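Novice:
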């Protein structure tokens, strides 16, 4: 089993034995409770459902509380299924950071930082227009199509709009250090989302 739910705590740096600085993301991963196991015979696919992030009962719906009580789990905020990661796990068991070792490669999925409504320069890295000689088109996107032919804007035309706040997966991150006592994973590089954001960690095969 090599999958966990966790919370991004932020970034820091550590030193290797050779004295090299490593920029790492600190993730509090687990312990995660197994709240469901999907099987090919019953569900048509194999997966394990993990839960993480203890909260007060008043913050969860009754349906969620009933589901967690069946698995002998406390009130937990985050639930996620991991395909093909069930292995020999059973409902009621717990998964910890011991599932990973230094040197493992993982992929981390999370919700990226929301930037709000942004223009094409910031959102799509468009070049700006001229800023002198009376130009009124400094950060405007410019033409987005012809008139009579084709008389429409092609699908997929990049424009202003909501930036960020969407699911992003960062692949190929190396586990630099594992701290079982504090349930911490130190991953080389950055992971998606703000500090305090929920993330999914799984082995990157």
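In the working numbering, the protein residues as written are 1 to 205.
Note that the Cβ used here is the ideal one computed from N, Cα and C, for glycine as well.
Source: prediction; values computed, not measured.
For residue 103, which residues of its own chain have a beta-carbon under 8 Å away from its beta-carbon, when the five flanking residues on both sides are left out?
Specialist: Reading the chain shown from its first residue, position 103 is the one you call residue 103. For residue 103, where only same-chain residues beyond five positions count, the Cβ hits under 8 Å are 174, 175.
Novice: Roughly how many angstroms lie between the CA atoms of residue 7 and residue 113, to the nearest whole one?
Specialist: Within the chain shown, the letter at position 7 stands for residue 7. Within the chain shown, the letter at position 113 stands for residue 113. Cα-Cα distance, rounded: 14 Å.
Novice: Give a yes or no on whether the C-beta atoms belonging to residue 11 and residue 25 are separated by under 7 Å.
Specialist: Position 11 of the chain shown holds residue 11. Position 25 of the chain shown holds residue 25. Yes, these two residues count as a Cβ contact at 7 Å.
Novice: Any heavy atom of the ligand NAD closer than 6 Å to the CB of residue 37?
Specialist: You won't find the ligand NAD in this model; it holds no ligand whatsoever.
Novice: Going by DSSP, what residue range makes up the beta strand (DSSP E) through residue 35?
Specialist: Against the chain shown, residue 35 aligns to sequence position 35. 32-38 is the extent of the beta strand (DSSP E) around residue 35.
Novice: For the region 36-63, list the beta strand (DSSP E) runs that are entirely contained and at least 3 residues long, ordered along the chain.
Specialist: Counting whole runs of 3 or more residues, the region 36-63 contains the beta strand (DSSP E) stretches 47-54.
Novice: Can you give me the C-alpha to C-alpha distance between residue 170 and residue 109, rounded to a whole angstrom?
Specialist: By one-based count along the chain shown, residue 170 stands at place 170. By one-based count along the chain shown, residue 109 stands at place 109. Rounded to whole angstroms, residue 170 to residue 109 spans 6 Å at the Cα level.
Novice: Can you give me the start and stop residues for the beta strand (DSSP E) that residue 169 sits inside?
Specialist: Translated into positions along the chain shown, residue 169 becomes position 169. Where residue 169 is concerned, the enclosing beta strand (DSSP E) stretches over 167-179.
Novice: Is residue 33 buried or exposed, if buried means 16 or more other CB atoms sit within 10 Å of its CB?
Specialist: Looking up residue 33 in the chain shown gives position 33. Residue 33 should be labelled buried.
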